[in-house]
Amino acid sequence: SQPAAQLKDRFAAELTAARERSNALTVELLDERELTTQHSPLMSPLVWDLAHVGNYEEQWLLRAAAGQEALRPDIDHLYDAFENPRSERTELPLLSPTEARTYNDHVRRRVLDSLDTLRLDGTPLLAGGLVFHMVVQHEHQHDETMLATLQLREGAPVLTESAPAYRIAEPERPRELPAEVFVPAGPFTMGTSGDPAAYDNERPAHTVDLPAFWLDTVPVTNAAFQDFLADGGYADQRWWSSAGWQWRLRRGVDAPAFWTRDAGHWWRRRFGRMEPVPPDEPVQHVSWYEAEAYATWAGKRLPTEAEWEKAARHDPVTGSSRYHPWGSTPPDETRANLGQRHLAPRPAAPSVAGAAPCGALQLLGDVWEWTASDFTGYPGFTAYPYREYSEVFFGSEYKVLRGGSWATHPTAARATFRNWDYPVRRQIFAGFRCARDAELD
Ligand code: AVJ
Ligand code: FE
Numbered sequence: 002s003q004p005a006a007q008l009k010d011r012f013a014a015e016l017t018a019a020r021e022r023s024n025a026l027t028v029e030l031l032d033e034r035e036l037t038t039q040h041s042p043l044m045s046p047l048v049w050d051l052a053h054v055g056n057y058e059e060q061w062l063l064r065a066a067a068g069q070e071a072l073r074p075d076i077d078h079l080y081d082a083f084e085n086p087r088s089e090r091t092e093l094p095l096l097s098p099t100e101a102r103t104y105n106d107h108v109r110r111r112v113l114d115s116l117d118t119l120r121l122d123g124t125p126l127l128a129g130g131l132v133f134h135m136v137v138q139h140e141h142q143h144d145e146t147m148l149a150t151l152q153l154r155e156g157a158p159v160l161t162e163s164a165p166a167y168r169i170a171e172p173e174r175p176r177e178l179p180a181e182v183f184v185p186a187g188p189f190t191m192g193t194s195g196d197p198a199a200y201d202n203e204r205p206a207h208t209v210d211l212p213a214f215w216l217d218t219v220p221v222t223n224a225a226f227q228d229f230l231a232d233g234g235y236a237d238q239r240w241w242s243s244a245g246w247q248w249r250l251r252r253g254v255d256a257p258a259f260w261t262r263d264a265g266h267w268w269r270r271r272f273g274r275m276e277p278v279p280p281d282e283p284v285q286h287v288s289w290y291e292a293e294a295y296a297t298w299a300g301k302r303l304p305t306e307a308e309w310e311k312a313a314r315h316d317p318v319t320g321s322s323r324y325h326p327w328g329s330t331p332p333d334e335t336r337a338n339l340g341q342r343h344l345a346p347r348p349a350a351p352s353v354a355g356a357a358p359c360g361a362l363q364l365l366g367d368v369w370e371w372t373a374s375d376f377t378g379y380p381g382f383t384a385y386p387y388r389e390y391s392e393v394f395f396g397s398e399y400k401v402l403r404g405g406s407w408a409t410h411p412t413a414a415r416a417t418f419r420n421w422d423y424p425v426r427r428q429i430f431a432g433f434r435c436a437r438d439a440e441l442d
């Protein structure tokens, strides 16, 4: 049927775009030595990510969806993220960069050849193109991980801005914004049941009733975070949880990652370049513990995950939940800074075009936002199509991040999307905004 054919064309185009991005961040950017080096014990060698996305595509699109025989079953174990911790991946007999690219191309040709024979209304795996959404998003998620590796990399800069930074139409710029927006008490629909692009951890849709709260209109900026630094926030145990304080002492942390102080000014290293810390940009490269300490110092707290999603989706006029904060229109440059258009967040409050019904801005894109919540399954959660995407991470070890960063591709950014990481992690493009209870007024 026509819609199915259109959907297949869309997936073919999205797969192609994802691969252009992966290649641009690896084999087209760096030499063999740099691709096979461990730039940080926190990250894989880039050549691992590259062949891993190809192997994932082989497993899910070629074998599971198209029912084809395995191409390279012998390498599955090398690219299994659970068998091999990131810090040990350089020791594996990995495909070389050239072999990885050839393998990925091979898989991709077979996938595109199989598209005609597939029925997108067939099995649950193919319904609405679920497995295609999954594979496209997976590759883009690894591309964001590659960018985190490139940010950790030492040496001469290799990445350049693909477009001049922050070209946002001037009339859209809000003049005066309230510091906080109010979200009244009441129920809203959290999660989704019908979206074939959603991961299992976003399902099912369920009602959550919340008390009223205040939420920061924009993420916490570098200037605001510097006030915390100037006030001795890193040296004052009152603002820190005991786990956060232990972590700070153990690691000797006294500023966001990549920041240094010189002659009374804060500088940061961004993809190999030193530059003054821009005051109006949302802070990034802070751990959950630093976010928590700042919020406590400010007399506030981190929003819960449910509060974040209600602020981002709940439309009080219709009572329903939106796909994006501004509605169902796909993201564009005026609404959200996504997809690596810039190599940094935009300054706070660049435009009101991306506002949520409550008035909060920059919920999608710019920086991932730490929430107060542990990563757990929603009521009625079922792992699908595999436990290792989400379920094995459920528990109190991981904190949820929401909203996506400047490095997140639009296909992996929506108001239901959930990311998670350890509370000590700072290499991801994460910042935060604060919330507070309304009852305190
Ligand atoms: C959702 C970003 C936490 O990178 O560990 C990639 C995404 N899962 N391959 C991760 C993922 C499998 C995941 N995060
Ligand atoms: Fe993966």
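Residue numbering for the sequence shown follows full-length UniProt numbering, beginning at 2 and increasing consecutively.
Glycine residues also receive a C-beta, built at the ideal position from the N, C-alpha and C atoms.
As the structure is a prediction and not an experimental result, all values here were calculated from the model.
Would the beta-carbon of Y57 be found less than 7 Å away from any heavy atom of the ligand FE?
-> Y57: yes, Cβ under 7 Å from the ligand FE.
Exposed or buried, what is R434 when buried is set at 16 or more other beta-carbons lying within 10 Å of its beta-carbon?
-> Buried, since its Cβ has 16 or more Cβ neighbours within 10 Å.
Please state whether DSSP places G156 in a helix, a strand or coil.
-> In the structure shown, G156 sits in coil (DSSP, three-state: anything other than H, G, I, E or B).
W327 by DSSP, collapsed to three states: which one?
-> coil
Beta-carbon gap between L339 and A414 smaller than 8 Å | yes
Pick out whichever of D196, Q39 and L402 has its Cα sitting closest to the Cα of R87.
-> Q39
Buried versus exposed call for L403 [16 or more other C-beta atoms within 10 Å across all chains shown] = Correcting the residue identity first, residue 403 is Arg in this sequence and not Leu. Result: buried.
Around the Cβ of V132, are there at least 16 other Cβ atoms within 10 angstroms (buried) or fewer (exposed)?
-> buried
What's the C-alpha gap between A13 and G265?
-> 52 Å
Three-state secondary structure assigned by DSSP to A439 = helix
DSSP-derived helix/strand/coil call for P411 | helix
Identified DSSP bridge partners for S322 = H315
Rounded to a whole number of angstroms, what is the C-alpha to C-alpha distance between W61 and R22?
-> 20 Å
So what does DSSP say about A294, is it helix, strand or coil?
-> helix
What residue from P332, A354, S242 and F272 has the CA that sits closest to L303's CA?
-> Among P332, A354, S242 and F272, the Cα nearest to that of L303 belongs to S242.
Among R73, L51 and P4, nearest to E59 - alpha-carbon criterion | R73
Ignoring anything shorter than 4 residues or poking outside the segment 226-290, list the alpha helix (DSSP H) runs there in chain order.
-> Segments of the alpha helix (DSSP H) lying fully in the segment 226-290: 243-252.
Are there 16 or more other CB atoms within 10 angstroms of the CB of Y423, so buried, or fewer, so exposed?
-> exposed
Since P98 contacts V54 with CB under 8 Å, what's their CB separation in whole angstroms?
-> Actually they are not in contact, since the Cβ atoms of P98 and V54 sit about 14 Å apart, beyond 8 Å.
For P433: DSSP bridge partner residues = The residue you asked about is not Pro; residue 433 is Phe in the sequence shown. BP columns for F433 are empty, so no partner.
Supposed contact pair P220 and Q363 - C-beta distance, whole angstroms, cut 8 Å = 6 Å
Mind listing, in chain order, the residues whose beta carbon lies closer than 7 Å to a non-hydrogen atom of the ligand AVJ?
-> Answer in sequence order: A82, H139, Q142, H143, T146, Y390, N420, W421 and D422.
Can at least three beta-carbon pairs, one atom from the segment 186-194 and one from the segment 205-215, be found at a separation below 8 Å?
-> yes
Could you have a look at V48 and say whether DSSP puts it in helix, strand or coil?
-> helix
Looking at H53 and the ligand FE, is the gap between the Cβ and the nearest heavy atom below 7 Å?
-> yes
Would you identify the three-state DSSP class for E33, choosing helix, strand or coil?
-> helix
S352: which of L160, D122 and L178 sits nearest, CA to CA?
-> L178
Who are the near neighbours of residue 445 in its chain, counting only those whose CB is closer than 6 Å to its CB and skipping five residues on each side?
-> Any property of residue 445 remains undetermined from this structure, which presents the chain solely from 2 to 442.
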